[in-house]
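Following this note's numbering, the numbering of the sequence shown begins with 6 at its first residue and continues without gaps. A virtual CB, placed ideally from N, CA and C, is assigned to each residue, including glycine.
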Amino acid sequence: MAKVCEICGKKPLFGHNISHAHNLSKRRWSPNLQRVKVTINGKRKTIYVCTSCLKAGKVQKVA
Numbered sequence: 006m007a008k009v010c011e012i013c014g015k016k017p018l019f020g021h022n023i024s025h026a027h028n029l030s031k032r033r034w035s036p037n038l039q040r041v042k043v044t045i046n047g048k049r050k051t052i053y054v055c056t057s058c059l060k061a062g063k064v065q066k067v068a
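Here's what the structure looks like:
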């Protein structure tokens with residue numbers, strides 16, 4: 006599964022963990038994706054959506 010929001014296209018960001026001794030190790034920040042059932046073009050589909058899109062009301066969940 007690609008960690009990408011299917012509504013806004015939000016992806017993981019990359020950076021470094023920095024220790025007190027300033028040693029750098031790679032890390033990544035993943036978006037908070039939720040699996041949501043949605044109706045698209047009259048068909049029910051499960052997609053991955055970030056929580057900011059859910060809170061903004063860009064997607065209507067199906068019960």
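Residue i vs residue j beta-carbon contact at 9 Å
i	j	result
I12	V54	yes
G20	K8	no
R33	P17	yes
Residues sharing a beta bridge with residue i, DSSP
i	result
T56	According to DSSP, T56 bridges with nothing at all.
H25	In the DSSP output, where bridge partners are listed per residue, H25 has none listed.
Counted within 10 angstroms of its Cβ, other Cβ atoms place residue i as buried (16 or more) or exposed
i	result
L38	buried
Rounded distance between the beta-carbons of residue j and residue i, thought under 8 Å
i	j	result
K15	P36	5 Å
Option nearest residue i by Cα separation, candidates the options
i	options	result
N46	H25, A26, N22, Q65	Q65
M6	A26, K63, H27, T51	T51
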